[in-house]
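Chemist:
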Amino acid sequence: MTAYQLLEAIRQGSISVVEAVERCLERIRRWDGDLGAFLSVAEEAALKRAHQLDNLPQDERGALFGLPLAVKDNILVKGQTATAGSKILENFIAPYDATAVKRLLSAGAVVVGKTNLDEFAMGSSCEHSAFFVTRNPWDTERVPGGSSGGSAAAVAARLVPAALGSDTGGSVRQPASFCGVTGHKPTYGLVSRYGLIAFASSLDAIGPIAQTADDCLLLLSVMAGPDDNDATTAPHKADLRRKSFGRWRIGVVRRALEAADSAVAKALEDVAALFAQNGCVLKDVDTGALEDALAAYQIIATAEASANLARYGGVHFAQRQDEGELA
339 MTAYQLLEAI RQGSISVVEA VERCLERIRR WDGDLGAFLS VAEEAALKRA
389 HQLDNLPQDE RGALFGLPLA VKDNILVKGQ TATAGSKILE NFIAPYDATA
439 VKRLLSAGAV VVGKTNLDEF AMGSSCEHSA FFVTRNPWDT ERVPGGSSGG
489 SAAAVAARLV PAALGSDTGG SVRQPASFCG VTGHKPTYGL VSRYGLIAFA
539 SSLDAIGPIA QTADDCLLLL SVMAGPDDND ATTAPHKADL RRKSFGRWRI
589 GVVRRALEAA DSAVAKALED VAALFAQNGC VLKDVDTGAL EDALAAYQII
639 ATAEASANLA RYGGVHFAQR QDEGELA
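If you want my numbering, it's the 1-based position in the sequence shown plus 338.
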């Protein structure tokens, strides 16, 4: 059942919020031992919130009323651990909600747990968590991608209908692709980064992972918008569900498709054709030094990561060791 379908079932009264959450928790108990998608499960808190939501009057029910949700463990959820996949933060309890999480909760979502990731979101396979490996639900001998591999695996295995990930250089989009679900990296500044444990601050973004693009849009529409706690957020809230494109001009970087698998290239060409059929103007674009993009990303990301990770030096965060223990 997609997020949209589940929300409609809850609205119609054919399933309660408690039942929806219990079904997710049951699937987690049954299947996650083989997958390793979750680092922690907030069963008691999730059921308590579900009971509270079921008792809300109709006019107080938000757009995501009753939606069970998983959150990558580098995004803060108040009162729950936020390890970022590292032993350094193993005992860190989030003192507040990330803005994206706060907005989802205000709309009626229920956080059922925190998902696994490559340590500090630096990886692309979910094999480099300090805790355990996450496996691909379609073939447990394969990786789910990363660094948001836990969120992608949880959605693909239908443990939850939707999840949050973070994307710096593909960490939402790539695991979503590996697991056969949909992931979206929002435009920088569209979603607040407040409450996201930083990897590379000029590249990081919180994004949704779900079964369909419509489900991703549902979450994005709630999360998007300016935030006083993040000066890099855009000073306007975009209309994300447009009924028409008008005469948008869309650049197509065909050079980027040269090394792509033929099926992937065809899918992108089909999407471009769909935009054209809906009145958009397609324009071939040459971005210039495309071959230098990865090297530029690696320089920027590692430099910013070095600065961000410097805070874990044992003064405010990290575990201190006596000299004798290091010998």
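Virtual Cβ for every residue (Gly too), placed ideally from N, Cα, C.
1. Leaving out five residues on either side along the sequence, give the residues of the same chain with a beta carbon under 6 Å from the beta carbon of Ser354.
2. State the CB to CB distance for the pair Val379 and Val450, rounded to an integer number of angstroms; the pair is presumed to be in contact (CB under 8 Å).
3. Could you tell me whether the region 531-550 touches the region 567-574, where touching means 3 or more Cβ pairs closer than 8 Å?
4. What would DSSP say about Arg585, mapped onto helix, strand or coil?
5. Would you check if there are 3 or more beta carbon pairs closer than 8 Å linking the region 349-364 to the region 411-423?
6. Is the beta carbon of Ala490 less than 7 Å from the beta carbon of Ala468?
7. Compare the C-alpha of Arg367 against each of Ala611, Asp630, Gly545 and Arg496 and name the closest.
8. Quick one: using the 10 Å Cβ neighbour count with 16 as the cut-off for buried, is Asp370 buried or exposed?
9. Within 10 angstroms of the Cβ of His325, are there 16 or more other Cβ atoms? Answer buried if so, exposed if not.
10. Within the region 363-434, note down every full alpha helix (DSSP H) run reaching 4 residues or more, in order along the chain.
11. State buried or exposed for Asp477, treating a residue as buried only when at least 16 other CB atoms are found within 10 Å of its CB.
12. Nearest-angstrom Cα distance between Leu612 and Gln418?
13. Only counting the same chain, and skipping five residues up and downstream in sequence, which positions put a Cβ closer than 6 Å to that of Lys425?
14. Return the bridge partner residues of Val529 from the DSSP annotation.
15. Go through its chain and collect everything with a Cβ distance to Arg592's Cβ below 7 Å, but skip five positions before and after it.
16. Using 8 Å as the threshold, is the region 550-563 in touch with the region 435-448, meaning 3 or more CB pairs across them?
17. Rounded to the nearest angstrom, what separates Ser509 and Gly503 at their Cα positions?
18. Between the Cα of Thr340 and the Cα atoms of Phe583, Cys554, Pro573 and Tyr650, which residue gives the shortest distance?
19. By the three-class DSSP mapping on this structure, what secondary structure does Thr608 have?
20. Any idea if Gln343 is buried or exposed, counting beta-carbon neighbours within 10 angstroms, 16 or more meaning buried?
21. Which same chain residues, not among the five before or five after Ser539, have their C-beta less than 7 Å away from its C-beta?
22. For Pro546, name the three-state secondary structure that DSSP assigns.
23. State the Cα-Cα distance for the pair Val434 and Leu443, rounded to the nearest angstrom.
24. From Val448 to Gly507, what does the alpha carbon distance come to, in whole angstroms?
25. Between Leu455 and Gly404, is the Cβ-Cβ spacing less than 7 Å?
26. Whole angstroms are fine: how far does the CA of Ala500 sit from the CA of Gly518?
27. Within the 7 Å Cβ cut-off, does Ala341 reach chain D?
28. Closer than 6 Å by C-beta to Asp505: which residues in its own chain qualify, once you throw out the five before and the five after it? Chain order, please.
Modeler: On the basis of the coordinates in this document:
1. Asp392
2. 7 Å
3. yes
4. coil
5. no
6. no
7. Arg496
8. buried
9. As displayed, the chain neither begins before 339 nor continues past 665, which places residue 325 out of reach and without an answer.
10. 381-392
11. exposed
12. 43 Å
13. Ala468
14. Ala562
15. Asp622
16. yes
17. 8 Å
18. Cys554
19. First, the residue type needs correcting, since residue 608 is Asp and not Thr in the sequence shown. It is helical.
20. exposed
21. Glu642 and Asn646
22. strand
23. In the sequence on display, residue 434 carries Tyr and not Val. Their Cα atoms are separated by approximately 13 Å.
24. 28 Å
25. no
26. 13 Å
27. Going by chain labels, chain D is absent from the structure shown, which holds only one protein chain.
28. Lys523, Ala543 and Gly545
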